[in-house]
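According to our numbering, the sequence shown is numbered sequentially starting from 2. Where is the CB? At the ideal position from N, CA and C, for every residue including glycine.
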Amino acid sequence: MIPKLTMTLIELDFEVTHPLTLNPWPVAALRGILGQHLRGRCLTGGACSEEAACPYCTLFEAPPEPPIGPKRFYTPPRPFVIQTRNPGHPLPRRRGDHFSIRIKLFGRGRYFAEAVTEAFDHLEISGGRARLVERMVIDPSGEARPWAPQHLRAAWLLDPTPTEAEPRALKLTLTTPLSVQHHRQLMQRFDPEMFTARAIDRLECLAFYYEGIAADWDIHALRAEARGLRVNAETALVRYQRNSRRHDHRQTMEGIIGEVHIEGVTPALAALWRCAQDTHVGRDTVFGHGALRVDLA
């Protein structure tokens, strides 16, 4: 059985009311706002026995380790990602400016869309403020729908089943830092096999922990297909600092961004990589890392 994953995609539109000051990678700050709000609602401070009923414990705390399952992650992935519309660029700062963010919730994380949006009713970051103007659900056709229960129930399905017949040339645009480690070393040049391995890990583990799907597919064949690909990459390593209020320290974040042109991508790899557009790939995905776009070259 191949891993399949349901997803709810929501979009929030804001108006700046007091000038904002943010770095070009603001998802870390947005993730902190979400975590602080949901933790304040958690009655046990992150130790709920009924995890499925608690948005904070489901979205931020590691689920219990099952007796069997994927073991390639040090900790299970969290079932959400946050995206800004223009990664790598600061959010609009002036009073009256508008900006939007997208939040993707996976598996049973989808049930907490209402609680997630409540965290952003009023946005306060680094002394600046923005008010939530509109919230929408993006349905599987890509259309923006009004916020309503029937639209929230219309889930996307991330399915890595191949739909093409022949290998294609593809372009990957790494829009936020891609942080992939191999033997504890950060990948500083795009390696299609390591990228594929991490994409497999993330999709498989999200499906296992949050959908209850135990995958049984030929991951070694996928890695072998990626190993021989011809790659022309124009990437750069970026580093920035994020502040953790909860732990009172600064952390260096890093990864590669840029464009990667790849020839002879098999249908199976193309299907997997298109799923990775939504799940993101690699480390620090909850801070916005690992976002990418797949296009025909």
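Query raised in the report: Can you give the beta carbon distance from L230 to I257, rounded, assuming they're within the 8 Å contact cut?
Result: Sequence index remark: in the sequence shown, residue 230 carries index 229 (1-based). Sequence index remark: in the sequence shown, residue 257 carries index 256 (1-based). Wrong, their Cβ atoms sit about 17 Å apart, outside the cutoff.
Report task. Would you kindly report the start and end of the unbroken beta strand (DSSP E) that includes A271? Result -> The residue labelled residue 271 in the question sits at position 270 within the sequence shown. Not the beta strand (DSSP E): A271 falls in the alpha helix (DSSP H), residues P268 to T280.
Query raised in the report: Below 8 Å between beta carbons: does that hold for L297 and L175?
Result: Along the sequence shown, one-based indexing puts residue 297 at 296. Along the sequence shown, one-based indexing puts residue 175 at 174. Cβ distance not < 8 Å, so L297 and L175 don't count as in contact.
Query raised in the report: Below 8 Å, can you find three or more Cβ-Cβ pairs linking the stretch 275-294 to the stretch 208-221?
Result: no
Requested in this report: Look at the Cβ atom of R32, then the Cβ atom of V287, and state whether they are nearer than 8 Å.
Outcome: In the sequence shown, residue 32 corresponds to position 31, counting from 1. In the sequence shown, residue 287 corresponds to position 286, counting from 1. A contact, by the Cβ cut-off of 8 Å.
Query raised in the report: How is H290 classed by DSSP in three states: helix, strand or coil?
Result: On the sequence shown, position 289 is the one that residue 290 refers to. Three-state DSSP puts H290 in coil, outside helix and strand.
Query raised in the report: Where does D285 land, buried or exposed, given buried means 16+ other C-beta within 10 angstroms?
Result: The count along the sequence shown starts at 1 and reaches residue 285 at position 284. Flag for D285 reads buried.
Query raised in the report: Quick one: what does DSSP say M137 is sitting in, helix, strand or coil?
Result: In the sequence shown, counting from the first residue as 1, residue 137 sits at position 136. The answer is strand: DSSP assigns M137 an E or B state.
Query raised in the report: In angstroms, rounded to a whole number, what distance separates the CA positions of T9 and Y211?
Result: As a first step, residue 9 must be located in the sequence shown, where it is residue number 8. As a first step, residue 211 must be located in the sequence shown, where it is residue number 210. Near 13 Å, if we compare the C-alpha coordinates of Y211 and T9.
Query raised in the report: What's the gap between the Cα of P77 and the Cα of T162?
Result: One-based indexing of the sequence shown puts residue 77 at position 76. One-based indexing of the sequence shown puts residue 162 at position 161. Looking at the two C-alpha atoms, the distance is approximately 23 Å.
Requested in this report: Look up Q151 in the DSSP assignment and say whether it is helix, strand or coil.
Outcome: Indexing the sequence shown from 1 puts residue 151 at position 150. DSSP places Q151 in helix when its eight states are reduced to three.
Query - Status (buried if at least 16 other CB within 10 Å, exposed otherwise) for A1 - result: Residue 1 lies beyond the residue range present for the chain, which begins at 2 and ends at 298; the question has no answer from this structure.
Query raised in the report: Beta carbon of D14, beta carbon of H90: below 8 Å?
Result: Here residue 14 refers to the residue found at position 13 of the sequence shown. Here residue 90 refers to the residue found at position 89 of the sequence shown. Taking 8 Å as the Cβ cut-off, D14 and H90 do not qualify as a contacting pair.
Requested in this report: Please classify Q189: does DSSP put it in a helix, a strand, or coil?
Outcome: Walking along the sequence shown from the start, residue 189 turns up at place 188. Coil at Q189, not helix or strand.
Query - Residues that M8 bridges to, as DSSP identifies them - result: In the sequence shown, residue 8 corresponds to position 7, counting from 1. F107 and W157, per the DSSP bridge assignment.
Query raised in the report: Closest to E167 by CA distance: which of A271, V17, I11 and P20 is it?
Result: Taking the first residue of the sequence shown as position 1, residue 167 is located at position 166. Nearest C-alpha to E167: A271.
**Report entry** beta strand (DSSP E) runs wholly inside the stretch 197-270, at least 3 long, in chain order
**Finding:** 231-245 and 250-266
Query raised in the report: From R243, F209, R190 and A208, pick the residue whose C-alpha is nearest to that of V261; which is it?
Result: To locate residue 261, count along the sequence shown from 1; it is residue 260. The shortest C-alpha separation from V261 is found at R190.
Report task. Can you tell me which of the three DSSP states R86 falls into? Result -> Reading the sequence shown from its first residue, position 85 is the one you call residue 86. Reduced to three states, the DSSP call for R86 is coil.
Query raised in the report: Tell me which same chain residues have a C-beta within less than 7 Å of the C-beta of M195, skipping the five on either side of it?
Result: If you number the sequence shown from 1, residue 195 lands on position 194. Only V181, H183 and M188 meet the Cβ criterion.
Query - Backbone secondary structure at E62 - three-state DSSP - result: By 1-based counting over the sequence shown, the position of residue 62 is 61. Coil, per DSSP.
Query raised in the report: Helix, strand or coil: how does DSSP classify A337 here?
Result: Limits of the chain in this structure are 2 at one end and 298 at the other, which puts residue 337 out of reach.
Requested in this report: Using beta-carbon positions only, say whether L106 and F121 come within less than 8 Å of one another.
Outcome: Taking the first residue of the sequence shown as position 1, residue 106 is located at position 105. Taking the first residue of the sequence shown as position 1, residue 121 is located at position 120. It is not a contact, given that the beta carbons lie outside the stated cut-off.
Query raised in the report: Is the distance from the Cβ of E255 to the Cβ of L238 below 8 Å?
Result: In the sequence shown, counting from the first residue as 1, residue 255 sits at position 254. In the sequence shown, counting from the first residue as 1, residue 238 sits at position 237. Yes, the pair counts as a contact, with Cβ atoms nearer than the cut-off.
Query raised in the report: How far does the beta strand (DSSP E) with E125 in it reach, from first residue to last?
Result: Numbered from its first residue, the sequence shown carries residue 125 at position 124. Segment H123 to I126, the beta strand (DSSP E) holding E125.
Requested in this report: Tell me H19's beta-bridge partners as DSSP assigns them.
Outcome: The residue given as residue 19 occupies position 18 in the sequence shown. Per DSSP, R130.
Query raised in the report: What is the rounded straight-line gap between the Cα of R29 and the Cα of Q252?
Result: Translated into positions along the sequence shown, residue 29 becomes position 28. Translated into positions along the sequence shown, residue 252 becomes position 251. Sequence check: residue 29 is Ala here, not Arg. Using only the alpha carbons, I get a separation of about 11 Å.
Report task. Using the DSSP secondary-structure output, state which residues sit across from F100 in a beta bridge. Result -> Residue 100 sits at position 99 when you count from the first residue of the sequence shown. The partner list for F100 (beta bridge, DSSP) reads F15.
Query raised in the report: By Cβ distance below 6 Å, which residues in the same chain neighbour R94 in space, the five residues on each side in sequence not counted?
Result: As a working mapping, residue 94 is identified with position 93 in the sequence shown. Hits under 6 Å: P20 and L21.
Report task. To the nearest angstrom, report how far apart S142 and A155 are at their CA atoms. Result -> The residue labelled residue 142 in the question sits at position 141 within the sequence shown. The residue labelled residue 155 in the question sits at position 154 within the sequence shown. Cα to Cα, S142 sits roughly 10 Å from A155.
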